[in-house]
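Enquirer: Take this structure, written in structure tokens, and hold onto it; I'll ask about it next.
In UniProt numbering, the protein residues as written are 1 to 626.
If you want it as structure tokens, here you go:
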């Protein structure tokens, strides 16, 4: 890379010295030193000692002496210290347990590898968790694994035992949390609320161990190059980590007994060769450009998990009949497959637990006659066509729901009835089209949603206001309806709320700021000519957990922020809300890190300058001239 003295640098980290040497032949690579004894002890104890046993004086002398014997075996290698400490954290915190465990350790790290430490942690796992860990061998190095997909595959593979009062997915989530606690799996991304994990990955050393153990047990074979196909003649699970024409590469090595096939690159697959498949997953994200073409997809009656990320070749009815023939299908993930309406076929699969349809909402939701009591996830379906029967389907176990509704063919009463049955709902994304009074429908049902934490409402014509009748849809203003909110209207545990396409005649914050768990609030106006205006007030002590606030396309005259309001707010976006001016009180938001303001008003520049003078710690605010 050119050294042009402009301050830009590229830092390459690697476990392999030859890689570092080839990256820059002019200079010797910098070799990181291992941790000294004091650093090792500090890191080890941080992981090994449970929080409830930590005190200001630290562990007793006996524990520290024992801990030093453990760290001696790790030779200052951070990963070894973290994994070993995490393993000890799962055991009773007493001297005799630690001593007993130490006496069983016959290994010692050689200074360049820590595979023995990790192998010890693996050996102490129960069998079911061992098999779950081995599945990380299937994923390419540094691949961000979507938690939901991983858990559904574990369930489809029958790796998860049934536990009382828990769904299989809930038990699988507990297994994953345990692997994370043991530092055998890393968290790579979290959700909007900062606490829910959405993606994970295995450290490359841990992945190497998983590959080694999976091969020894004939649990799973990883194909990283064409010659690896020769190893697959007895494998039951195969992961292909490169783009390939599967049919040509397998040739004489095609194994008709493969139960699970995960594809991480562009592939061409003849399904007729793999009649006993249980799991078929095209795992690359749609934006990667990698696509999988399925041919002869009729059959596969034993399939439990199917994920496609590209358009389906062949006639719609042929694909639908194929889905219908899968009597054991549990997960159908077609989010980016570009399919049409599959409702004629897929709702006849009674075993479905997770239905993720194409994001274009082509598929009609399950009809009233359908009994889908196993269904937990229902995404991207619509109710916009005439139906033969009234009522709502039996989907009472649904946790995540994303639907589009049309009142002409799905009445308010039916929508309310449907939503009121979903007492386990934690995620709701609902869009109203063609005149549905969606505001009234949704707010009516909210007191029933004790577990709901994610709410996204997309509407076109509802107006929030106040005419003295709480929670009642009343008079029209410019063709729009008014819905009044009360303190008990909204689900109390919401962490994410997005209102899209609404107009307001009064400040809704008096109600919204009462949501004690709310972390993200997004309000987007209808983007039409704004004739209604209002004032915005955030009271002291309210919005206690709010971290991100975005407001756009609303007519706001004034915004008052009292001291003590929004103490946790980190990011603030305000776009096209003129004549609103930047409130000077922004300087009193102690946690604010990012501010973006889109406006036509030039005087806002002076206010931004004043805020910077008062808050030099604040990252440079963005002022967008519209």
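By construction, the Cβ of each residue, glycine as well, lies at the ideal position given by its N, Cα and C atoms.
Small disclaimer: the values here were computed from a predicted structure and weren't measured.
Using three-state DSSP, classify residue 524 as helix, strand or coil.
Expert: strand
Enquirer: What do you reckon, are the CB atoms on residue 147 and residue 139 nearer than 8 Å?
Expert: no
Enquirer: For residue 19, does the three-state DSSP call read helix, strand or coil?
Expert: helix
Enquirer: Distance check for residue 415 and residue 517, CA to CA, integer angstroms please.
Expert: 27 Å
Enquirer: Would you kindly work out how many angstroms separate the C-alpha atoms of residue 586 and residue 570, rounded to a whole number?
Expert: 11 Å
Enquirer: May I have the straight-line CA-CA distance separating residue 162 from residue 98, to the nearest angstrom?
Expert: Using only the alpha carbons, I get a separation of about 32 Å.
Enquirer: Which value, in whole angstroms, describes the spacing of the CA atoms of residue 299 and residue 364?
Expert: 24 Å
Enquirer: CB residue 400 to CB residue 379, shorter than 8 Å?
Expert: A Cβ-Cβ contact shorter than 8 Å links residue 400 with residue 379.
Enquirer: Which residue from 595, 614 and 582 puts its Cα closest to that of residue 602?
Expert: Minimum Cα distance to residue 602 is reached at 582.
Enquirer: Count the other CB atoms within 10 Å of the CB of residue 294; is the residue buried (16 or more) or exposed (fewer)?
Expert: That one is buried.
Enquirer: By the 10 Å Cβ neighbour count, where 16 or more other Cβ atoms means buried, how is residue 330 classified, buried or exposed?
Expert: buried
Enquirer: Where does residue 529 land, buried or exposed, given buried means 16+ other C-beta within 10 angstroms?
Expert: Residue confidence is low: residue 529 scores 49 on pLDDT, short of 50, so the model does not pin down where it sits. Its coordinate-derived value is still stated next. By the 10 Å Cβ count, residue 529 comes out exposed.
Enquirer: For residue 546, which option in 344, 522 and 555 has the closest C-alpha, if you only look at C-alpha atoms?
Expert: 522
Enquirer: Considering only the alpha carbon of each residue, which of 454, 413 and 101 lies closest to residue 424?
Expert: Comparing C-alpha distances from residue 424 to each of 454, 413 and 101 shows the shortest one belongs to 454.
Enquirer: Taking the straight line between their C-alpha atoms, what separation do you get for residue 403 and residue 382?
Expert: 5 Å
Enquirer: Taking all protein chains shown into account, decide if residue 158 is buried (16 or more other Cβ within 10 angstroms of its Cβ) or exposed.
Expert: exposed
Enquirer: Suppose the cutoff is 6 Å on Cβ atoms and the five residues either side in sequence are ignored; what does the same chain contact list for residue 495 look like?
Expert: 193, 453, 517 and 519
Enquirer: Look up residue 596 in the DSSP assignment and say whether it is helix, strand or coil.
Expert: strand
Enquirer: On the CB-based measure, 16 or more other CB atoms within 10 Å of its CB, does residue 182 come out buried or exposed?
Expert: buried
Enquirer: Between the Cα of residue 356 and the Cα atoms of 234, 308, 348 and 40, which residue gives the shortest distance?
Expert: 308
Enquirer: Would you kindly report the start and end of the unbroken alpha helix (DSSP H) that includes residue 402?
Expert: Note, residue 402: premise wrong, no alpha helix (DSSP H); beta strand (DSSP E) at 400-406.
Enquirer: With three or more beta-carbon pairs closer than 8 Å as the criterion, would you say the stretch 118-138 touches the stretch 320-327?
Expert: no
Enquirer: Candidates 205, 37, 165 and 557: which alpha carbon is nearest residue 535's?
Expert: 557
Enquirer: Looking at the unbroken beta strand (DSSP E) that takes in residue 571, where does it start and where does it end?
Expert: 571-575
Enquirer: How about residue 629 and residue 375: do their beta carbons lie closer than 8 Å?
Expert: Outside the displayed span of the chain (1 to 626) sits residue 629, for which this structure offers no information.
Enquirer: To the nearest angstrom, how far is it from the Cα of residue 578 to the Cα of residue 541?
Expert: 27 Å
Enquirer: With a threshold of 16 other CB atoms inside 10 Å of the CB of residue 23, please say whether the residue is buried or exposed.
Expert: exposed
Enquirer: For residue 201, does the three-state DSSP call read helix, strand or coil?
Expert: strand
Enquirer: Taking C-alpha atoms, which residue in 406, 568 and 576 lies nearest to residue 594?
Expert: 568
Enquirer: Using C-beta distances below 7 Å, list every residue in its chain close to residue 78, excluding the 5 sequence neighbours before and after it, in chain order.
Expert: Answer for residue 78: 35 and 43, listed in chain order.
Enquirer: The alpha helix (DSSP H) spanning residue 120 covers which residue range?
Expert: 115-123
Enquirer: Going by C-alpha distance, which of 614, 334 and 164 is nearest residue 592?
Expert: For the residues 614, 334 and 164, the minimum Cα distance to residue 592 belongs to 614.
Enquirer: Give me, in chain order, the residues of the same chain whose beta-carbon lies closer than 6 Å to that of residue 560; leave out the 5 immediate sequence neighbours on both sides.
Expert: 537
Enquirer: With a CB to CB cut of under 7 Å and the five nearest residues on each side skipped, what residues in its chain are close to residue 133?
Expert: 122, 125, 179, 184 and 210
Enquirer: The beta strand (DSSP E) that contains residue 560, what's its start and end?
Expert: 556-561
Enquirer: If the criterion is Cβ atoms closer than 8 Å, does the pair residue 303 and residue 283 meet it?
Expert: no
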